[in-house]
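Novice: Have a look at the structure that comes next, please.
Listed below in structure tokens is the structure:
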């Protein structure tokens with residue numbers, strides 16, 4: 388994710404908090420969380436939950452109009468879309484070609500709310516590294532409208548301090564349960580309101596379902612919500628709260644917002660919510676036109692792959708550890724995008740700092756006599 392000091396590059400900053408972000412704080416109203424974001428340096432906020440409402444209604448309308456192929460698969464989780472590209476290319480036509488709520492929110496801010504604002508920067512407050520990757524290497528777009536992605540765990544400490552000082556929060560939240568429930572598994576399926584839908588979370592379970600779709604076991608199902616993180620976005624590796632507690636908390640928040648939100652998708656044009664670029668299968672990665680260079684890159688991929696944990700958890704944004712190794716070699720990712728490698732690196736640096744401190748000469752205070 389991007390560092391917080393990236394905000395300094397822009398004169399007007401807008402935060403896009405993911406629905407899952409609200410659930411990171413115990414007994415803190417959504418308006419208070421949004422007000423705290425403004426107090427730590429953002430000039431405005433736009434809820435991704437509001438954009439999720441638009442995506443929900445657009446998806447429901449699409450399912451009503453387009454009867455084939457079946458089932459249709461949500462494109463909201465970039466790790467799942469990349470998994471389909473790499474491992475299940477025959478299912479690409481099943482993927483719903485609607486922008487993610489993150490991208491819809493960014494487009495609304497830039498094209499409708501602040502179309503003429505100079506120095507505008509739009510920042511997504513993310514629960515997982517897959518969203519970071521989708522900004523750097525967009526799916527369904529030539530370029531992402533998001534300028535930066537900040538990890539929820541990185542911004543959480545600053546917000547927690549500020550929240551304690553807020554007595555009268557601004558009335559900023561406008562989203563309804565339709566969008567807020569996207570933050571946990573089942574939420575998108577409920578929002579789309581399809582009677583023939585299933586939701587699946589956790590990369591292993593997602594793979595199993597996709598295999599069954601390939602075998603035509605699920606042709607009677609209308610809609611598939613597939614999330615790489617266990618429990619949905621509340622289970623992302625960039626979150627703070629226990630995912631089960633966060634899920635319960637988010638459900639309470641969504642129930643309190645039942646009667647708010649948008650009524651139809653006419654707030655945006657078709658261009659705004661549809662993909663602007665097709666995605667294609669990547670079953671075999673073409674590394675280089677030069678054969679000797681390609682062989683070297685393949686060797687490097689195998690070396691890096693052997694150093695990765697081999698869990699294929701999808702938390703880094705790549706569907707498998709091997710895919711991450713390919714992304715690292717081709718310059719699309721870094722080794723520390725793997726949360727386990729990053730943890731080991733942090734431990735190593737902490738150990739080095741402790742050793743340096745141990746070696747530093749002791750200073751003594753001499754009292755004047």
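Numbering (the working numbering), first residue to last: 388 to 756.
Note that beta-carbon positions come from the ideal geometry of N, C-alpha and C, so glycine has one too.
What's the C-alpha gap between residue 743 and residue 734?
Specialist: 14 Å
Novice: What do you reckon, are the CB atoms on residue 605 and residue 579 nearer than 8 Å?
Specialist: Contact flag unset, no.
Novice: Suppose only complete runs of 3+ residues qualify. What are the beta strand (DSSP E) ranges in the stretch 574 to 601, listed by chain order?
Specialist: For the stretch 574 to 601, whole beta strand (DSSP E) runs of length 3 or above, ordered along the chain, are 584 to 588.
Novice: From residue 559 to residue 422, what does the alpha carbon distance come to, in whole angstroms?
Specialist: Going by C-alpha positions, residue 559 is about 7 Å away from residue 422.
Novice: Can you name, in chain order, every residue of its own chain whose Cβ lies under 7 Å from the Cβ of residue 509, other than the five neighbours on each side?
Specialist: Result list for residue 509: 401, 403, 493, 496, 497, 532, 533 and 534, in chain order.
Novice: Can you grab the Cα-Cα spacing for the pair residue 506 / residue 398, in whole Å?
Specialist: Taking the straight line joining both Cα atoms gives about 5 Å.
Novice: Can you check whether the CB of residue 572 is closer than 8 Å to the CB of residue 619?
Specialist: yes
Novice: Measure from the alpha carbon of residue 706 to the alpha carbon of each residue in 435, 411, 487 and 518, then state which is nearest.
Specialist: 518
Novice: Pull the bridge partners of residue 631 from the DSSP assignment, please.
Specialist: Note: residue 631 sits in no beta bridge, so no partner.
Novice: Per DSSP, which one or two residues make a beta bridge with residue 399?
Specialist: 507
Novice: Could you compute how far the alpha carbon of residue 430 sits from the alpha carbon of residue 467?
Specialist: 33 Å
Novice: Out of curiosity, what's the CA-to-CA distance linking residue 588 and residue 704?
Specialist: Their backbone Cα atoms lie some 15 Å apart in a straight line.
Novice: Would the beta-carbon of residue 437 fall within 8 Å of that of residue 641?
Specialist: no
Novice: I'd like to know whether the C-beta atoms of residue 556 and residue 539 end up nearer to each other than 8 Å.
Specialist: no
Novice: Between which two residues does the beta strand (DSSP E) harbouring residue 537 extend?
Specialist: 535 to 538
Novice: Does the stretch 714 to 734 touch the stretch 683 to 700, meaning 3 or more C-beta pairs lie closer than 8 Å?
Specialist: yes
Novice: Please state whether the Cβ-Cβ distance between residue 567 and residue 644 is less than 8 Å.
Specialist: yes
Novice: Taking the alpha helix (DSSP H) that residue 408 falls in, what are its first and last residues?
Specialist: Residue 408 -> alpha helix (DSSP H) spans 406 to 409.
Novice: Going straight from the alpha carbon of residue 732 to that of residue 426, what length do you get?
Specialist: Approximately 32 Å between the Cα atoms of the pair.
Novice: Mind checking whether residue 624 and residue 516 have CB atoms under 8 Å apart?
Specialist: yes
Novice: How do the stretch 438 to 452 and the stretch 465 to 485 stand: do at least 3 beta-carbon pairs fall below 8 Å, yes or no?
Specialist: Contact between the stretch 438 to 452 and the stretch 465 to 485 is present, because at least three Cβ pairs lie under 8 Å.
Novice: What residue range is occupied by the uninterrupted alpha helix (DSSP H) comprising residue 713?
Specialist: In this chain, the alpha helix (DSSP H) harbouring residue 713 covers 708 to 716.
Novice: Residue 631: buried (16+ other C-beta within 10 angstroms of its C-beta) or exposed?
Specialist: exposed
Novice: So, using beta-carbon positions, are residue 450 and residue 597 closer together than 8 Å?
Specialist: no
Novice: Output the boundary residues of the alpha helix (DSSP H) element that contains residue 603.
Specialist: It is not in any alpha helix (DSSP H) - residue 603 carries neither H nor E in the DSSP assignment.
Novice: Would you mind giving the Cβ-Cβ distance between residue 441 and residue 491, rounded to the nearest angstrom? I have them listed as a contact below 8 Å.
Specialist: In this structure residue 441 touches residue 491 by the C-beta definition: roughly 6 Å separates them, less than 8 Å.
Novice: Go ahead and pull the three-state DSSP assignment for residue 610.
Specialist: strand
Novice: Under 8 Å, Cβ to Cβ, is there at least one residue of chain D near residue 599?
Specialist: Looking at the structure shown, chain D is missing, and only one protein chain is on hand.
Novice: So, with DSSP's three-state summary, where would you put residue 666?
Specialist: coil
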